[in-house]
Amino acid sequence: MPLALGKNFRLPLDVRPVRYRADFSLQLAAGTFAGRLELEVRLTKPRREITLHALELNLERASARARGKTLRASALVPDADSETVTLTFDGELPEGDAVLEIAWSGKFSPGLRGLYRAGPLAVTQFEAADARRVFPCFDEPAFKARWQISVQVPEGARAISNGAVEKDAHEGGARQVAFKETPPLSSYLIALCVGELVGSEPELVRGVPIRTWTVPGKKHLTAFAQGCAKAVLPLLEDYFGQPYAYGKLDQIGVPDFEAGAMENAGAITFREVALLLDEATAPLSVQKRVAEVITHELAHQWFGNLVTMVWWDDLWLNEAFATWMAYKIVDQWRPGWRVWMDFEVGKGAALHLDALRSSHPIRAEIRNAEEAGEAFDAITYEKGGAILRMIEAWLGAEAFRDGIRLYMRRHREANATADDLWGALAESSGQPILELANGWIRQTGYPLVELSEAGGRVTLRQRRFYSDPEAREEGAPTRWLVPVVLRYRDRSGPKEKRVLLGSGDSGEASIDLGADGPLQWILANAGARGFYRAAYESEPLRRLIAALPELEAQERMSLVSDQWALVRAAKAQVAPFLDLLAGLPGESDHVVLDEVVGRLSWLEHRGVADADRPSFQRFVAQAFAPAAQDLGWDPRTGERDERRLQRAAVLRALALVAREPAAVAEAQQRYRAHVDRRPGAVDPNLLDIVVAAAARAADASRFDELLRLAVSEVDPASRRRYLHALAMVESQELVPRAVALALGEVVQMQDFSSYVATLLSNRAAREAAWRMLRERWAEVRKKADSPMLLRRLVEALGNLPDRAHLVAIEAFLAAHPIEGARQAIAQTLERLRIDVALRERLIPEVADWLRARAGR
Ligand SMILES: [Zn+2]
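Mapped onto this note's numbering, the consecutive letters of the sequence shown carry residue numbers 76 to 931.
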C-alpha cells in the first residue's frame, strides 16, 4: 500500500513523465496560487495507482485518460515523509500512454524556495527538491520531460519562464502568458518569475536573444552581465561542440535569493550582488565574481541541463564541472584577470574542509532530498573542480575536451553517471582513467605527499592528511593514484618529472631523477595542479623558500597554504611559518599576498593572547610598511589592475590587521570623502577596507549614516558592504543596535547568516550576538527558514574562538537539533575543536616568536 512510504522513498521507474502542460494563476497580494496540469505519462506496466511528488499542496481532483477512457481518482493520499501524493484510480490504467489531469492550489512559501515573494516579484527556486511545493510532479532528476507552461498575470506585470513568450493575450477578462514548450528537462530546472521587472534590450548572439532583468531602478546595472553573457556563450558552445539548447537566455536579478544563482534552463535567477554592477565603480573582485557566477550558470546549460545526473549522488557532475568550466572560460575571456589564481582560493577552502574526519567523498551516497541539499558544499564544488583540473592536466587539455564532447553527444537530452564520463574520457584519451578518477571521487580526503631527497634520488610517500593532530586512519590506509608533477633545478636548469604515485600498495615511490649535479631545489606539486599537500624536510624546505621568486604564483600560494595546514596539524611549528610570512609582504602576486594577509588576520584574531596583540600588530605594521610606502593610497593613471589589488592587500594588512593608527585615520578620511561623493576619493578596490575601518570606529551618527546607506544604496555590492559594516562596530553603545538589526527588516533573509557571521567574528560584538542566537532561537529559525540558510548559520558559529564557546555551542546544538544540517554541524564542531586546541597551542609559541623577534 502506498501509505508510509518513508523519507528515502524514490519513485518507481515504470511510470515516466513525457510532457507537462501546466496552467497557473497567481494571486500576488494574497500569496496564493492555483494550477491545472495535463501530464502525459508512459507506463511500462498496468497500474491502478500513480505516486508523484507534492508537498503542502491542496490537490482538488485528479483523473486519467487512456485509450479513450477516463478514470477518476477516487483517492488522493498525501504522505508527508516521502513528500508524495498517491492517486488511486477507479480502474486499471493500461500499459502505454496516458494523460493525468490534476487541479490543485497552494500558498507561497515563507522562505526562499518553492514559490516565494521577493520584493515586487513572485519567483521560484526548485533545486534540489522544491518543485513539489508548486506542482505535483516527478521531482527526481532522472525524470526529464517537456514543459509547456502558461500563467495568468496582472496587468503591467512581466512573466518569465524557461521557454520564450509565445502568446500574451487577454482571455476571459484575464491576461494569459503562454511560454514555448521546452526540450526535455528535469523538474528542478523549471522556473517562473512574475512581477515588476525591467529588462535590458535583447541582444542576439549566434541567433540567441540575451536579456538581463531587474526590479525597477536598477536597469543601469545590467550592462556588465549582458556583456559577459554575450562573450562567454559562444566560448562555451565552441568548447562543448554543441549549440546552446534553450532558444533564449534571460538572466534575472532577484532581490532576496538563497543561493548565489540558479541555472534554470533559459531563465537563470541570481542574487542581485552576483549579477548587477556598475563597471566604473565596482571593485575588480566583484566584477570577477559576477563573471564567474554568470559563466558557471551558463556552463550548467550543458552540464546539468542538457546532460543531467541520474541521481543526486552525482551532483558533482553538475557542480564540479560548472565550477571548473567557469574559470576556464572566464580566463579565455579576460586573460589579464588571471582567474586561475582565484580558483586556488576556493581550492584552499576545499583542502581545509576535506582534512576533517567529518568530510565526505565527492560522490557520496544520497538517500533523500534532504541529503541532496547537504551536498551543495565545497567538496562537491571546489574539490570536484580541482580534481577535474588535475585530471585535465594529466590527460592533456585537448584529449580532455574531446572526451567531454563525446560525453555531451552521447547523453544529450538524457541522463548520465560518473562512469559514463570516465568512459568517454578513457575512450578519447586512450588512457586508463577510471581507477585514478574513482579513487579521487569515491574516497574521502586527500593525501599528504612527503618528499625526501638524497643524491638525486627522490622518495615520495603518501598518507591521508588530517587537520586534527590526534586523528589516525582506522583499518587499511587510504591510497590514491596521485598524479605528482615534480619540478626541480639542477646544474643545467629547471626540469619537470611526472610520477604516478601509489600504483603499488606501499604508498611509496623512489625515483632516480638522473639530475645533472646536486639539486638546488625541488618542488612536489608543480603548477599546484595536484589536490594534495606537500611536506618537505627542513633543509629542502629552506632551499625552496630561498627559491620563492623562481616559483610560479600558484606554487608560492600552495606553499604558504600547505605550511599553514602543517602547522594546524601539529606537523610543523609556527615559528618557521611566521618567518615565511614575514618574508612575503613584497610578494608581487596579489592572491599570494591575500593569502598571507588572511593567515596574519587569523593569527591576530585567534592566535595571540590579548596582551600580545599589540606586539603582533606592530610586527604586521612593520612588515607591510615598505610596500605601503611604495604603493600609497592613490593609483597612478594607467596603473595595472595587479598593482591596485596588491595595494588592497597591503592596506588591509595595515589598516585592518595591524590597525596602524595613520592608516586607520587615512581610511576614515577617505570614507568621509567617499560618502560625501567626492569623485576619485577611493579606488573601488579599497572600498571594503575604508568602510570597515570607518565602521569599527563608528559613533552613533556614523552608525545612522551606515544604516541609511545600507537601505538606500541601489548598487547591490555597495548595499552589502554598508550592511555588513554595521556588524563591525566596536563601540559598546552601538553593539546592541547592531545585534538587534539581525532579526529586523533591514537584514534580509539572504544576508542573515553572513551578517551574523560578521557579528560573531567581531571581538566587541560576539558575546552579544551569541546570546541573541540562543535567547531568540525561535525567531532565528524563522529568519533562516531553509536547511541551506541554517547550515550557513551553523558554520558562522565557527567564528567563536574560545573553549568556553565550544562547550556552549556543543550543548546548544545537542539541545536544538537541526535537520538537514547534520553534516554542517559535525564539520563545524570538528573544526572548532581543532581551532580551539590550535589557539591554545599557538598563543605561547607566537608570543615566544614575537619576543625573539623583538630581541633580534
Ligand atoms: Zn552550480
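Yeah, the Cβ is synthetic: ideal placement off N, Cα and C, and Gly gets one too.
Exposed unless 16 or more other CB atoms sit within 10 angstroms - verdict on residue i
i	result
T145	exposed
S636	buried
M76	With a pLDDT of only 46 at M76, under the threshold of 50, the placement of this residue in the model should not be trusted; the figure read from the coordinates follows. Exposed: under 16 other Cβ atoms inside 10 Å.
T356	exposed
G505	exposed
L390	buried
E948	No answer is possible for residue 948: it lies beyond the span of the chain, which begins at 76 and ends at 931.
E894	exposed
A770	buried
K940	Shown here, the chain extends from 76 to 931; a query on residue 940 therefore has no answer.
G292	exposed
E630	buried
K858	buried
P552	exposed
T297	buried
V414	buried
E548	exposed
D923	exposed
Given residue i as reference, the closest of the options once Cα atoms are compared
i	options	result
A815	L834, A702 and Q825	L834
E842	L872, E449, A853 and L511	L872
R442	G682, V757 and A203	A203
R926	R688, V557 and D154	R688
R681	S836, K363, P259 and Y541	S836
L392	L351, P410, I437 and A355	I437
A839	L130, D685, L496 and Y746	D685
G460	E440, G707 and F378	F378
E278	V269, Q102 and C303	C303
D565	G577, G531 and V821	G531
G589	L784, I369, L598 and K572	K572
L917	Q744, L678, A249 and G110	L678
A349	D664, S360, G341 and G335	G335
A266	S225, K294 and T297	S225
F691	A105, G248, P410 and P919	P919
L86	E905, Y263 and F218	F218
P569	A472, E445, D591 and I508	D591
G411	D716, D860, W924 and L865	D716
P624	M483, W596, V228 and S542	W596
V642	L500, V921, F475 and R747	V921
A817	E808, S806, E805 and L798	L798
E135	T126, A148 and E124	A148
R432	A366, F418 and D543	D543
K323	A657, R111 and Q376	Q376
Contact check, residue i vs residue j, beta carbons under 8 Å
i	j	result
L118	L80	no
G498	W555	no
M416	V766	no
R608	A468	no
L373	Q362	no
V116	P153	no
F606	M465	yes
E528	L575	no
T199	W222	no
L381	Q301	no
E488	P259	yes
I177	C268	no
L932	A703	An answer regarding residue 932 cannot be provided, because it is not within the stretch 76 to 931 covered by the chain.
A956	A453	Because the chain is modelled from 76 through 931, residue 956 falls outside the range shown and cannot be assessed.
Checklist entry - Is the stretch 231 to 245 touching the stretch 158 to 177 in the sense that three or more CB pairs, one from each, lie closer than 8 Å? => result Touching, no, given that fewer than three Cβ pairs across the two stretches are closer than 8 Å.
Item to check | Uninterrupted beta strand (DSSP E) stretches inside the stretch 302 to 363 (no shorter than 3 residues) | outcome: Runs of the beta strand (DSSP E) inside the stretch 302 to 363: 324 to 329 and 342 to 346.
Checklist entry - Which ranges does the alpha helix (DSSP H) cover as unbroken runs of at least 4 residues, wholly within the stretch 676 to 739, from first to last along the chain? => result DSSP runs (the alpha helix (DSSP H)) wholly in the stretch 676 to 739: 688 to 706 and 716 to 726.
Item to check | Complete runs of the beta strand (DSSP E) confined to the stretch 162 to 237 [at least 3 residues] | outcome: Within the stretch 162 to 237, the runs of beta strand (DSSP E) at least 3 residues long that lie entirely inside it are, in chain order, 171 to 182, 189 to 193, 196 to 200, 221 to 228 and 233 to 236.
Checklist entry - Would you call the stretch 154 to 169 and the stretch 128 to 139 in contact, with 3 or more CB pairs under 8 Å? => result Of all C-beta pairs linking the stretch 154 to 169 to the stretch 128 to 139, three or more are shorter than 8 Å, placing the two stretches in contact.
Item to check | beta strand (DSSP E) segments (min. 3 residues) lying fully within the stretch 102 to 168 | outcome: Within the stretch 102 to 168, the complete beta strand (DSSP E) runs of at least 3 residues are 107 to 118, 122 to 128, 133 to 141, 144 to 154 and 159 to 168.
Item to check | Three or more C-beta pairs below 8 Å linking the stretch 518 to 535 and the stretch 559 to 577 | outcome: Counting Cβ pairs under 8 Å, three or more are found: they touch.
Checklist entry - Does the count of Cβ pairs from the stretch 626 to 641 and the stretch 651 to 671 closer than 8 Å reach three? => result Yes, they touch.
Item to check | contact_flag[the stretch 304 to 311, the stretch 227 to 234] where n(CB pairs < 8 Å) is 3 or more | outcome: At 8 Å Cβ cutoff, the stretches do not touch.
Item to check | Minimum length 3: unbroken beta strand (DSSP E) runs contained in the stretch 365 to 432 | outcome: The stretch 365 to 432 contains these whole beta strand (DSSP E) runs: 382 to 384.
Next on the checklist: Extract the residue ranges of the beta strand (DSSP E) inside the stretch 632 to 671, only unbroken runs of 3 or more that lie entirely within it.
Outcome noted: Counting only runs that start and end inside the stretch 632 to 671, there is no beta strand (DSSP E) element of at least 3 residues.
Checklist entry - What are the complete alpha helix (DSSP H) segments, minimum 4 residues, inside the stretch 760 to 844? => result Those alpha helix (DSSP H) runs which fall completely within the stretch 760 to 844 and span 4+ residues are 762 to 771, 775 to 787, 791 to 801, 810 to 816 and 827 to 835.
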